[in-house]
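Asker: The sequence shown begins at 123 in the numbering used here and counts up by one.
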Amino acid sequence: MATPYSPKAALGPRAGGAVILAGGLAGALAGVGAHLASRALYLAFLVPVAWGLVVGLAVAVAARKFRVPRPAFAALAASAGVMVAAASQLGLDYRIDRHERAIAAAEVYDMSSMGAGPTELIEERYEARLAELGFGDYARRRYGIDPNLDPASGLASSLGPRGTIALSALELVIAIVIAIALARRQALAPACPSCGAWRVEAPLGVGAQGVASDVVDCLLRDRPEAAAARIVPPDTREVVSFSRLSCPAGHDGRGGVLRIVEHELDKRRETRAHQTAELEVSGEELGAVAQALEEAGP
Ligand SMILES: [Zn+2]
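1. Kindly indicate which residue of Pro170, Gly149, Pro126, Ala162 has the alpha-carbon position closest to the one of alanine 291.
2. With 16 other CB atoms within 10 Å as the buried threshold, where does leucine 415 fall?
3. Per DSSP, what kind of secondary structure is threonine 393 in: helix, strand or coil?
4. Where glycine 146 and phenylalanine 188 are concerned, what is the direct C-alpha to C-alpha distance, given to the nearest angstrom?
5. Taking the C-alpha atoms as reference points, what is the distance between leucine 255 and serine 210?
6. Should the segment 343-352 be regarded as contacting the segment 404-413, the criterion being three or more beta carbon pairs within less than 8 angstroms?
7. Taking one C-beta from the segment 321-330 and one from the segment 387-404 each time, how about it: are there three or more such pairs within less than 8 angstroms?
8. Applying the 10 Å Cβ sphere with the 16-neighbour rule, what's the burial state of tyrosine 164?
9. Could you check whether the Cβ of cysteine 340 sits closer than 7 angstroms to any heavy atom belonging to ligand 1?
10. Would you mind giving the Cβ-Cβ distance between glycine 203 and valine 181, rounded to the nearest angstrom? I have them listed as a contact below 8 angstroms.
11. Which residue comes first and which comes last in the beta strand (DSSP E) that contains histidine 385?
12. In chain order, what are the residue ranges of uninterrupted alpha helix (DSSP H) at least 4 long that sit wholly in the segment 292-353?
13. Within the present structure, is the beta-carbon of alanine 319 separated from the nearest heavy atom of ligand 1 by less than 7 angstroms?
14. In terms of alpha-carbon separation, which member of Val383, Arg262, Arg217, Gly282 lies closest to arginine 251?
15. For isoleucine 296, which residues of its own chain have a beta-carbon under 7 angstroms away from its beta-carbon, when the five flanking residues on both sides are left out?
16. Does at least one heavy atom of ligand 1 sit under 7 angstroms from the Cβ of serine 316?
17. Tell me which same chain residues have a C-beta within less than 8 angstroms of the C-beta of glycine 282, skipping the five on either side of it?
18. Ignore the nearest five residues each way along the sequence and tell me which others in histidine 396's own chain have a CB closer than 6 angstroms to its CB.
19. For glycine 153, I'd like the list of residues in its chain whose CB is within less than 6 angstroms of its CB, leaving aside the five on either flank, ordered along the chain.
20. Do valine 354 and alanine 399 come within 8 angstroms of each other at the CB atom, strictly closer than that value?
21. Going by the beta-carbon positions, is the gap between arginine 366 and leucine 408 smaller than 8 angstroms?
22. Can you grab the Cα-Cα spacing for the pair cysteine 317 / histidine 373, in whole Å?
23. What do you reckon, is the C-beta of alanine 371 under 7 angstroms from a heavy atom of ligand 1?
24. Considering only DSSP beta bridges, list what arginine 366 is partnered with.
25. Rounded to a whole number of angstroms, what is the C-alpha to C-alpha distance between glutamine 308 and phenylalanine 364?
26. Can you grab the Cα-Cα spacing for the pair alanine 194 / leucine 310, in whole Å?
27. In the DSSP assignment, what are the bridge partners of leucine 141?
28. Taking valine 171 as part of the alpha helix (DSSP H), name the residues at either end of that continuous run.
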């Protein structure tokens, strides 16, 4: 009996670790990139979009390579990767800010002591100042929380602490949404429950549009003959296409996953594809549908 496809392949610790690692590394890279780029120019929402794309693609590629057909796990790895990106940018921004302020302080000291102070003294002053500049102070300045500290950016002073924090949170959400969408897309593709390999798609044929949900209903109710009887030759450009996805190593035998996609015309008379179902089917069910498609075919 046909059932909707759901990922069942076992998730190995090595494959899972590799996907998490890919997300984390991509996140760190994206964080460093954002830090360097934002020192040169104000990027606004480009930064979270870039984080989302870089992390999402890295997780998708790793999920594909290491065979992790787990949408929820891929989403988790993508979210963690974006957090790494945000943390690494914040950490680097803080280090640079700290370094620059410590230099400024050491120079002021040098000038006030009529220049030509011993280099050791300036370095000592620099080190002492570095030790004083904690992350907490930096964060309070960055988000304009402490009224006694000058906000780190014009944005923080014009938006106020709540606005600045809300903006940061919004950027993080944008990045996570993009990263999850990309990572999940790959992880949702049907994989073999035995070996975890992604199933390979082969077209079966097309029928007249409008029967897709009936065909799915019949298959789910274990009536493959009734499903096959619904399939008729297409008379317009609006069709429903059927394809079979099966394990490249042959674990699906004659069965596999039946993918049903409706192709409808939109207002501009362009076809739009809309996936109706992905059903785990037996060789017998697949055979009935394939035969009906052959008869409906050109
Ligand atoms: Zn397999």
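Every residue, glycine too, gets a C-beta built ideally from N, C-alpha and C.
Answerer: Result, derived from the coordinates:
1. Taking the sequence shown and counting its residues from 1, the one referred to as residue 291 is at position 169. Comparing Cα-Cα distances from alanine 291 to each of Pro170, Gly149, Pro126, Ala162, the minimum goes to Pro170.
2. For the purposes of this step, residue 415 is taken as residue 293 along the sequence shown, with counting starting at 1. Under a 10 Å Cβ-count criterion, leucine 415 is classified as buried, with 16 or more other Cβ atoms of the shown protein chains found around its own Cβ.
3. As a working mapping, residue 393 is identified with position 271 in the sequence shown. Assigned with DSSP and collapsed to three states, threonine 393 falls in strand.
4. What you label residue 146 is simply residue 24 of the sequence shown in a count that begins at 1. What you label residue 188 is simply residue 66 of the sequence shown in a count that begins at 1. Straight across, the Cα-Cα distance linking glycine 146 with phenylalanine 188 is about 16 angstroms.
5. Taking the sequence shown and counting its residues from 1, the one referred to as residue 255 is at position 133. Taking the sequence shown and counting its residues from 1, the one referred to as residue 210 is at position 88. A straight line joining the alpha-carbon of leucine 255 with that of serine 210 spans about 18 angstroms.
6. These segments touch.
7. The segment 321-330, when compared against the segment 387-404, does not touch it at the 8 angstroms Cβ threshold.
8. Translated into positions along the sequence shown, residue 164 becomes position 42. Burial is judged here by how many other beta carbons sit within 10 angstroms of a residue's own beta carbon; tyrosine 164 has fewer than 16 and is exposed.
9. In the sequence shown, residue 340 corresponds to position 218, counting from 1. Not so, every heavy atom of ligand 1 lies at least 7 angstroms from the Cβ.
10. For this step, residue 203 is matched to residue 81 along the sequence shown. For this step, residue 181 is matched to residue 59 along the sequence shown. With 8 angstroms as the limit, glycine 203 and valine 181 qualify as a contact, their Cβ atoms being about 6 angstroms apart.
11. Here residue 385 refers to the residue found at position 263 of the sequence shown. 378-387 is the span of the beta strand (DSSP E), which, as asked, contains histidine 385.
12. Entirely contained in the segment 292-353, the alpha helix (DSSP H) runs reaching 4 residues are, in chain order, 334-342, 346-352.
13. Translated into positions along the sequence shown, residue 319 becomes position 197. Indeed, a heavy atom of ligand 1 lies less than 7 angstroms from the Cβ.
14. Translated into positions along the sequence shown, residue 251 becomes position 129. For arginine 251, the nearest C-alpha among the options comes from Arg217.
15. In the sequence shown, counting from the first residue as 1, residue 296 sits at position 174. The residues are Phe167, Pro170, Val171, Gly174.
16. For the purposes of this step, residue 316 is identified with residue 194 of the sequence shown, where counting begins at 1. Yes, since a heavy atom of ligand 1 falls inside the 7 angstroms radius drawn around the Cβ of serine 316.
17. As a first step, residue 282 must be located in the sequence shown, where it is residue number 160. Within its own chain, the residues whose Cβ lies closer than 8 angstroms to the Cβ of glycine 282, once the five positions on either side in sequence are excluded, are Gly266, listed in chain order.
18. As a working mapping, residue 396 is identified with position 274 in the sequence shown. For histidine 396, where only same-chain residues beyond five positions count, the Cβ hits under 6 angstroms are Glu384.
19. Start at 1 with the first residue of the sequence shown, and residue 153 comes out as number 31. Excluding sequence neighbours, glycine 153 sits near Ala207, Ser210, Gln211.
20. For the purposes of this step, residue 399 is taken as residue 277 along the sequence shown, with counting starting at 1. For the purposes of this step, residue 354 is taken as residue 232 along the sequence shown, with counting starting at 1. Cβ atoms of alanine 399 and valine 354: not closer than 8 angstroms.
21. On the sequence shown, position 244 is the one that residue 366 refers to. On the sequence shown, position 286 is the one that residue 408 refers to. Against a cut-off of 8 angstroms, the Cβ pair of leucine 408 and arginine 366 comes out as a contact.
22. One-based indexing of the sequence shown puts residue 317 at position 195. One-based indexing of the sequence shown puts residue 373 at position 251. When the Cα atoms are used, cysteine 317 and histidine 373 turn out to be separated by approximately 8 angstroms.
23. As a first step, residue 371 is located in the sequence shown; it is residue number 249 there, counting from the start. Relative to ligand 1, alanine 371 has its C-beta within less than 7 angstroms of a heavy atom.
24. Here residue 366 corresponds to residue number 244 of the sequence shown, with the count starting at 1. Ala324, Leu380, per the DSSP bridge assignment.
25. For the purposes of this step, residue 308 is taken as residue 186 along the sequence shown, with counting starting at 1. For the purposes of this step, residue 364 is taken as residue 242 along the sequence shown, with counting starting at 1. Each residue's alpha carbon lies about 20 angstroms from the other.
26. Counted from its first residue, the sequence shown places residue 194 at position 72. Counted from its first residue, the sequence shown places residue 310 at position 188. Here the alpha carbon of alanine 194 sits roughly 9 angstroms from the alpha carbon of leucine 310.
27. The residue labelled residue 141 in the question sits at position 19 within the sequence shown. Sequence check: residue 141 is valine here, not leucine. BP columns for valine 141 are empty, so no partner.
28. Locating residue 171 in the sequence shown gives position 49, counting from the first residue. Note, valine 171: alpha helix (DSSP H), 168-187.
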